[in-house]
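Notes for the one structure printed next.
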Amino acid sequence: MGFPKDFLWGGATAANQCEGGIFEDGRGLANVDVCPAGADRNAVITGHMKMLEFDEAHVYPAAEAIDMYHHFREDIRLFAEMGFRVYRMSIAWTRIFPNGDEENPNEAGIHFYEEIFKECQKYQIMPLVTISHFDCPIGLIKKYGGWRNRKMIDFYLHLCEVLFTRYKEYVTHWLTFNEINMILHAPFMGAGIYFENGENEEQIKYQAAHHELIASALATKMAHEINPENKIGCMFAAGAAYPYSCKPKDVWEALLTDQENYFFVDVQARGYYPNYAIKRLHKKGVFPLMEDGDEEILKQYPVDFISFSYYNSRCIAAPGEETEIAEGNLFQSVKNPYLKFSEWGWPIDPLGLRITLNQVYDRYQKPLFIVENGLGALDKPNEDGFIEDDYRIEYLRDHIRAMRQAVEEDGVELMGYTSWAPIDLISAGTGEMRKRYGFIYVDKQEDGSGSLMRSKKKSFEWYKHVIETNGECL
Ligand code: BG6
């Protein structure tokens, strides 16, 4: 009983939040590089403030991040010491294609990831590769407008072809887009889209989403053709939506919120636009333009497995009700009076993970993979410089316990769990460094200072023991 013997324990990162080295070895500029820290970040990531290059007035934390570009051997060695069986990481698109539309890839970029995969191989760590984790070349945004343009499908598939062929001997598990549903909430970060005044934003977002959905289906087709061993997953930001009360209007509103979120996975896993989306998008006049053959593509190439991030559940009330607001993974919702909250105001709800696992599995009946879950917190070293992050251990313990119950008692088919993030890195939502998630502390401070030295927190040994005992000892 408990977790299956081959359960994939590990951790997850994203290129732009850890690599740095944005001008090394011919890499080009990406949307994620120009998202500044500070007050304007939200306007930039939501596409309401145009930022396609650096300016003097802002600070851009992705430029150095935690410099994993030069520390990856040390970092992967530490992951191996914790016993990782899987490392989820992403490719910086502009290391492979600096502008996005070149014919030939940048060999230095190919070499960099090859070195990472070799390092993983050395420790028998399976890479799980996100092809685009909020990553879009600035070149493609300037020339084509990002994912609002259907041409993006070809550029993305060209990237996929290079990755699937060049890394065939190292990688068999891929995710097409990180948190694909974020396109609705952070369209610049999710899809390289910024808006001009007066544009129909919703229409653009659903059109871009359609392009990503087609790209994802065609990538699945290609991956299977290039290597029949390849397994392709979709990835969405999950978190069950609870009705604020049992008032039917609250229940209805929560259902609508869940449907908006599940829309992407409904298409990627079942292979067609669900009726509720067809009706509502047509009614609003934002149903995307489709080409002949699109429906067939979606139908023919569904994903092999479903992955998601889970940080919190959400609580939803009918419009017009007096409620307090809670933060969360890029979405706000109503404050749930029964939960505790993190220092960033995100609800903490381990049972919500079990609920979410059950809901997703009931809906799709495909293998699941939790590819992000963790606690962003302010870590303060004690007088010996050691971080005693019992709060993080408690958060993860409770969530892993809930996940174990979903597997053991509810029969949810779960492939693995990668915590976000095994090492401190830059926050996607805020651009902060002080919002730390890692088992490994990085001496990099909010003002950019620090030696970049890595050290183990208390949670390091704890997670190591969790993996050693296959989740028995929490
Ligand atoms: C997810 C992203 O939204 O949540 C990650 O896939 C991100 O990139 C993580 O870092 C945690 O959010 P934040 O805003 O605390 O970094």
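The sequence shown begins at 0 in this note's numbering and counts up by one. Glycine is no exception: its CB is placed at the ideal position from the N, C-alpha and C atoms. Here the structure is a predicted model, which is why all the values come from computation and not from measurement.
At which residue ranges does the region 82 to 152 contain complete beta strand (DSSP E) runs of 3 or more residues, listed in the order of the chain?
-> 85 to 89 and 125 to 131
Please classify residue 343: does DSSP put it in a helix, a strand, or coil?
-> coil
State the DSSP-derived secondary structure class of residue 64, mapped to helix, strand or coil.
-> coil
Shortest alpha-carbon distance to residue 262 belongs to which of 119, 66 and 180?
-> 180
Give a single yes or no on whether residue 474 has its beta carbon closer than 7 angstroms to a heavy atom of the ligand BG6.
-> Residue 474 lies beyond the stretch modelled for the chain, which goes from 0 to 473, so this question has no answer here.
Anticipated Cβ contact below 8 angstroms, residue 353 with residue 1, distance rounded | Their Cβ separation, rounded to whole angstroms, is 15 angstroms, which puts residue 353 and residue 1 out of contact at 8 angstroms.
So residue 463 is in the beta strand (DSSP E); what residue range does that whole segment cover?
-> Per DSSP, residue 463 belongs to no beta strand (DSSP E); it is in the alpha helix (DSSP H), 457 to 467.
For residue 287, which residues from the same chain have a beta carbon less than 6 angstroms from its beta carbon, with the 5 sequence-adjacent residues on both sides left out?
-> 205, 206 and 209
So, residue 54 versus residue 91, is the Cβ gap smaller than 8 angstroms?
-> no
May I have the straight-line CA-CA distance separating residue 33 from residue 242, to the nearest angstrom?
-> 37 angstroms
Beta-bridge partners of residue 371, as assigned by DSSP = 308
Relative to the C-alpha of residue 446, which residue among 360, 29, 453 and 59 is closest?
-> 59
For residue 307 and residue 370, believed in contact at Cβ under 8 angstroms, the rounded distance = 7 angstroms
With a Cβ-Cβ cutoff of 8 angstroms, do residue 76 and residue 129 count as a contact?
-> no
Can you check whether the CB of residue 192 is closer than 8 angstroms to the CB of residue 252?
-> no
Rounded C-alpha distance that separates residue 452 from residue 65 | 9 angstroms
Cα separation between residue 39 and residue 48?
-> 8 angstroms
The region 293 to 306 in contact with the region 220 to 231 per 3-pair CB rule at 8 angstroms | yes
Give the C-beta separation of residue 136 and residue 96 to the nearest angstrom, bearing in mind that I take them to be a contact with Cβ-Cβ under 8 angstroms.
-> 7 angstroms
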